[in-house]
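Asker:
In the working numbering, the protein residues as written are 56 to 334.
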């Protein structure tokens, strides 16, 4: 990104913040794992987070990285947040009126998730669990690092190795398949399932049972080529035959995200986005 567009991007981002001075000072002088508060000006939602992860807030609230075209979240909808981190998307979806089931295995991030949900008055709309979602039920070793202020914690050894994250410590965490988690919590019909699982996306989607897949209208999946080839992930999705697939290439400064829309939603009257491809 050249200097002028980059400055324009930062100026636009800071205009959307309720506390730009605090964010600027923390960004300039704070260490990645120091704590800060970031506020959305329009909604007044405030999240406590690490300095190294603050940009994830803007990606969710201002760039709308996890919004799926044609499938907006509405009051009364249900959303899943897999890899909820410190609660940026959880608070975003709950603020829009959705019931959110949030899963975050990193103990530090999970505690901030709970705190952010409560401090924003969203506790009645959120069910949070300190679980890793993957391809089996049981226990898994979570590698916690300082990268992105703790936002790159992973149970995927290949991702940790290829992404060259420096492991600060390892903790054992409970893990479930997505199907088992949905059954355990009696999760009903799902409007949007957001997944950012630091390399475990393939394991999550590969083991999703057809009856649970049929209950999910849309997905926003952040993919990680450090753990698998994008082609491999796309082949799993193409094999379903149930969802449309599109990329977020039309959005500047966004993360690597696939957006999936249920064929049923499209046949009910919505039109696919121009970037969608039939599955």
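The beta-carbon is built from N, C-alpha and C at its ideal position, and this holds for glycine as well.
Distance, Cα to Cα, residue 314 vs residue 147?
Answerer: Taking the first residue of the chain shown as position 1, residue 314 is located at position 259. Taking the first residue of the chain shown as position 1, residue 147 is located at position 92. Distance between the alpha carbons of residue 314 and residue 147 is about 18 Å.
Asker: Measuring alpha carbon to alpha carbon, tell me which of 268, 220 and 283 ends up nearest residue 299.
Answerer: In the chain shown, residue 299 corresponds to position 244, counting from 1. The residue with the shortest Cα to Cα distance from residue 299 is 268.
Asker: Relative to the C-alpha of residue 93, which candidate in 86, 104 and 84 has its C-alpha closest?
Answerer: As a working mapping, residue 93 is identified with position 38 in the chain shown. It is 104 whose Cα lies nearest to the Cα of residue 93.
Asker: I'd like to know whether the C-beta atoms of residue 126 and residue 316 end up nearer to each other than 8 Å.
Answerer: In the chain shown, the residue the question calls residue 126 occupies position 71. In the chain shown, the residue the question calls residue 316 occupies position 261. Yes; because the gap between Cβ atoms is below 8 Å, this pair is in contact.
Asker: Leaving out the 5 sequence neighbours to the left and right, which residues in its chain are closer than 8 Å to residue 78 when beta-carbon positions are compared?
Answerer: By one-based count along the chain shown, residue 78 stands at place 23. 69, 72, 91, 93 and 109, listed in sequence order.
Asker: When the Cα of residue 230 is compared with those of 190, 199 and 202, which residue comes out closest?
Answerer: Here residue 230 refers to the residue found at position 175 when the chain shown is read from its first residue. If we check each option's Cα against that of residue 230, 190 comes out closest.
Asker: Ordered along the chain, which non-local residues of its own chain (more than five positions away) have a Cβ less than 7 Å from that of residue 161?
Answerer: To locate residue 161, count along the chain shown from 1; it is residue 106. The residues are 197, 199, 205 and 208.
Asker: Along the chain, which unbroken stretches of the beta strand (DSSP E) at least 3 residues long are found entirely within the stretch 242-283?
Answerer: 247-250 and 273-277, all fully within the stretch 242-283.
Asker: Check the DSSP bridge columns for residue 172 and list the partner residues they point to.
Answerer: Translated into the one-based positions of the chain shown, residue 172 becomes position 117. Answer is none; residue 172 lacks a bridge partner.
Asker: Helix, strand or coil: how does DSSP classify residue 106 here?
Answerer: Stepping through the chain shown from its first residue, residue 106 is reached at position 51. Residue state, collapsed to three classes: helix.
Asker: Three or more C-beta pairs under 8 Å: does that hold for the stretch 281-291 against the stretch 236-246?
Answerer: With a cut-off of 8 Å, the stretch 236-246 and the stretch 281-291 do not count as touching, because too few Cβ pairs lie within range.
Asker: Using 7 Å as the cut-off, classify the Cβ of residue 265 as near or not near the heavy atoms of the ligand GDP, replying yes or no.
Answerer: Absent from the structure shown: the ligand GDP. Ligands present: none.
Asker: Tell me, to the nearest whole angstrom, how far the beta carbon of residue 163 is from that of residue 138; I am working on the premise that it is less than 8 Å.
Answerer: Along the chain shown, one-based indexing puts residue 163 at 108. Along the chain shown, one-based indexing puts residue 138 at 83. Contact doesn't hold; Cβ gap of about 14 Å is too wide.
Asker: Does DSSP put residue 177 in a helix, in a strand, or in coil?
Answerer: The count along the chain shown starts at 1 and reaches residue 177 at position 122. Looking at residue 177 - three-state DSSP - the assignment turns out to be coil, as it is neither helix nor strand.
Asker: Tell me the residue span of the alpha helix (DSSP H) that contains residue 83.
Answerer: Locating residue 83 in the chain shown gives position 28, counting from the first residue. Run containing residue 83: 75-84, per the alpha helix (DSSP H) assignment.
Asker: Within 10 angstroms of the Cβ of residue 84, are there 16 or more other Cβ atoms? Answer buried if so, exposed if not.
Answerer: The residue given as residue 84 occupies position 29 in the chain shown. Under this definition residue 84 is an exposed residue.
Asker: Should the stretch 251-264 be called in touch with the stretch 222-238, which here means at least 3 C-beta pairs below 8 Å?
Answerer: Taking 8 Å as the limit for Cβ pairs, the verdict is that the stretch 222-238 does touch the stretch 251-264.
Asker: Could you please give the first and the last residue of the uninterrupted beta strand (DSSP E) stretch that includes residue 54?
Answerer: Here the chain covers residues 56 to 334 and nothing more, so residue 54 does not appear.
Asker: Using a Cβ-Cβ cutoff of less than 7 Å, which residues in the same chain neighbour residue 119 once the five nearest sequence positions on both sides are dropped?
Answerer: Mapped onto the chain shown, residue 119 falls at position 64. For residue 119, where only same-chain residues beyond five positions count, there are no Cβ hits under 7 Å.
Asker: Taking the alpha carbon of residue 116 as the reference point, which residue from 96, 134 and 124 has its own alpha carbon closest?
Answerer: Within the chain shown, the letter at position 61 stands for residue 116. Comparing Cα-Cα distances from residue 116 to each of 96, 134 and 124, the minimum goes to 96.
Asker: Output the boundary residues of the alpha helix (DSSP H) element that contains residue 212.
Answerer: Translated into the one-based positions of the chain shown, residue 212 becomes position 157. Residues 212-217.
Asker: Can you grab the Cα-Cα spacing for the pair residue 175 / residue 141, in whole Å?
Answerer: As a first step, residue 175 must be located in the chain shown, where it is residue number 120. As a first step, residue 141 must be located in the chain shown, where it is residue number 86. Cα-Cα distance, rounded: 13 Å.
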